[in-house]
Amino acid sequence: MEKSPIFIVGCDRSGTTLLRLMLIQSPILHIPQESMFVYLLERDPENYGDLTYPYQRWFLIRDLQTNPATPESFTFPIFNLTLEEAERAIFEVTPTHVSDAIEALFKASASKLNKQRWGDKSPRHVKYIPLLAESFPHAKFVHIIRDGRDVAISIRKAKWVSNNMQEAATYWKQRVKAGRLGGSTLSKDRYYEVYYEQLVYEPEKTLKELCQWLNLDYTAQMLEYYKGAQDRISEQHKSLFQLIDQPIDPSRVSAWKRSLSALEIADFESVAGDLLVELGYEITGLKIPLPVQAIRTLRNNLGPLSYKLRRFFSKI
1 MEKSPIFIVG CDRSGTTLLR LMLIQSPILH IPQESMFVYL LERDPENYGD LTYPYQRWFL
61 IRDLQTNPAT PESFTFPIFN LTLEEAERAI FEVTPTHVSD AIEALFKASA SKLNKQRWGD
121 KSPRHVKYIP LLAESFPHAK FVHIIRDGRD VAISIRKAKW VSNNMQEAAT YWKQRVKAGR
181 LGGSTLSKDR YYEVYYEQLV YEPEKTLKEL CQWLNLDYTA QMLEYYKGAQ DRISEQHKSL
241 FQLIDQPIDP SRVSAWKRSL SALEIADFES VAGDLLVELG YEITGLKIPL PVQAIRTLRN
301 NLGPLSYKLR RFFSKI
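Numbering-wise, full-length UniProt numbering puts 199 at position 199 of the sequence shown, and it's gapless, one number per residue.
This is how it looks when you write it as structure tokens:
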């Protein structure tokens, strides 16, 4: 039985949660809520010393307890483990590296549900594929990509960026490019790209192809992911997934055509149009009007000047 871990990555609001809910319908695969453990892998391993010593493992356990994914939350409940179960899982493997301890938690969490294979869904991990690939040498990475203009609508609604569409474009572009760059360092049997639009328009075909690549048996229940889906979303994130308990809605694809103004589209494409084209998305070719460009340039240039004038006159 294939037991290589599966990492679902991608820019936020690109369909990582949808894909997770589909794949965990498998009777053997468990993917808990966002773990956000990569910050521990970034640290110097020497921080924890020799993990073969019990007291060194205690330091690691202490840091693993707090989870930066959501404020005031703890990693062990996200793994559906009690503190005692988490401690036991880590102590039993006698880890020699931080990744060994992290994997022990995932395996214990999966075992508790009688599942044999584990995965992780943390969008932010899209920027750390090389580090994760080195730490988990048998892992497979699924990078889900969505039209950035639709992503921009969603992340703006979630207030993760300002109303500035160029800022949203930069946010999306940086994450997608980081994921593709990281994926380019891996072999084809370790990195796979799936498009949100394909998943929505042809869910069965797309899932079957993905499952074949993952060496995971496809089940029809994957298309019924929405049944009880709210129970598999953390309380902190439920407001972001109000439609997750409904079947796939193809009308949500290309929502930017109805929701964004011509100027907003031009702003996005001025920053990320090249990546949209690279990914096979059609662009409008809309340009930022010259008067708007002139006003923005004037505003940007006057900004520092007006600040200096205010400081000058305040001294008079």
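Even glycine gets a Cβ: it sits at the ideal position worked out from N, Cα and C.
These figures come from a predicted structure and were not determined experimentally.
Status (buried if at least 16 other CB within 10 Å, exposed otherwise) for residue i
i    : result
I6   : buried
H97  : exposed
K238 : For K238, the pLDDT reaches just 49, beneath the cut-off of 50, and the residue's location in the model is therefore unreliable, although a value from the coordinates is still provided. So K238 ends up on the exposed side.
Q33  : buried
S14  : buried
R20  : buried
S135 : buried
A220 : exposed
E84  : exposed
T66  : exposed
R156 : buried
K173 : buried
L18  : buried
S99  : buried
Enclosing alpha helix (DSSP H) for residue i [first to last residue]
i    : result
G183 : 165-183
K157 : 148-157
R117 : Counting along the chain, R117 falls outside any alpha helix (DSSP H), though it belongs to the beta strand (DSSP E) covering 117-121.
V161 : It is not in any alpha helix (DSSP H) - V161 carries neither H nor E in the DSSP assignment.
F91  : 83-93
V271 : 262-278
I61  : 54-65
E204 : 203-214
K112 : 98-112
R220 : Per the sequence shown, residue 220 should be read as Ala rather than Arg. Careful: A220 lies outside any alpha helix (DSSP H) and carries neither H nor E.
W39  : According to the sequence displayed, residue 39 carries Tyr and not Trp. Element bounds for Y39: 38-42.
L21  : 16-23
A255 : No alpha helix (DSSP H) contains A255, which DSSP labels as neither H nor E.
E2   : Counting along the chain, E2 falls outside any alpha helix (DSSP H), and DSSP gives it neither H nor E.
Nearest neighbour of residue i, chosen from the options [CA to CA]
i    : options                : result
E167 : K127, L210, E209, E264 : E264
E103 : W213, L113, I90        : I90
N80  : A220, Y53, Y218, L113  : L113
A272 : R149, M222, K205, V200 : R149
P54  : E269, Y128, T94        : T94
S184 : S270, K127, N47, Y226  : K127
I8   : C211, P247, L290, D274 : C211
T206 : M22, I61, W58          : M22
E87  : I78, S99, A108         : A108
T52  : R156, P247, E92, L40   : E92
D120 : I288, F106, L223, S111 : F106
D189 : W118, W213, E204, I153 : W213
I78  : Q56, R57, D100, A110   : A110
Unbroken beta strand (DSSP E) run spanning residue i, endpoints
i    : result
E193 : 191-195
L227 : Reading off the sequence shown, one finds Lys at residue 227, where the question assumed Leu. Looking at the DSSP string, K227 is not in any beta strand (DSSP E), and its letter there is neither H nor E.
I145 : 140-145
F7   : 6-9
Beta carbon of residue i nearer than 7 Å to that of residue j
i    : j    : result
N215 : E2   : yes
H138 : V38  : no
V176 : C11  : yes
A133 : L186 : yes
S122 : S259 : no
K140 : S270 : no
Y48  : L64  : no
Y218 : K208 : yes
A152 : F268 : yes
K287 : A255 : no
Exercise for review: For the stretch 154-163 and the stretch 15-29, state whether three or more C-beta atom pairs, one from each stretch, are separated by less than 8 Å.
Suggested key: no
Check your understanding: Between the stretch 138-146 and the stretch 191-199, are three or more C-beta pairs nearer than 8 Å?
Key -> yes
Check your understanding: Counting Cβ pairs closer than 8 Å, one from the stretch 271-280 and one from the stretch 294-301, do we hit at least three?
Key -> no
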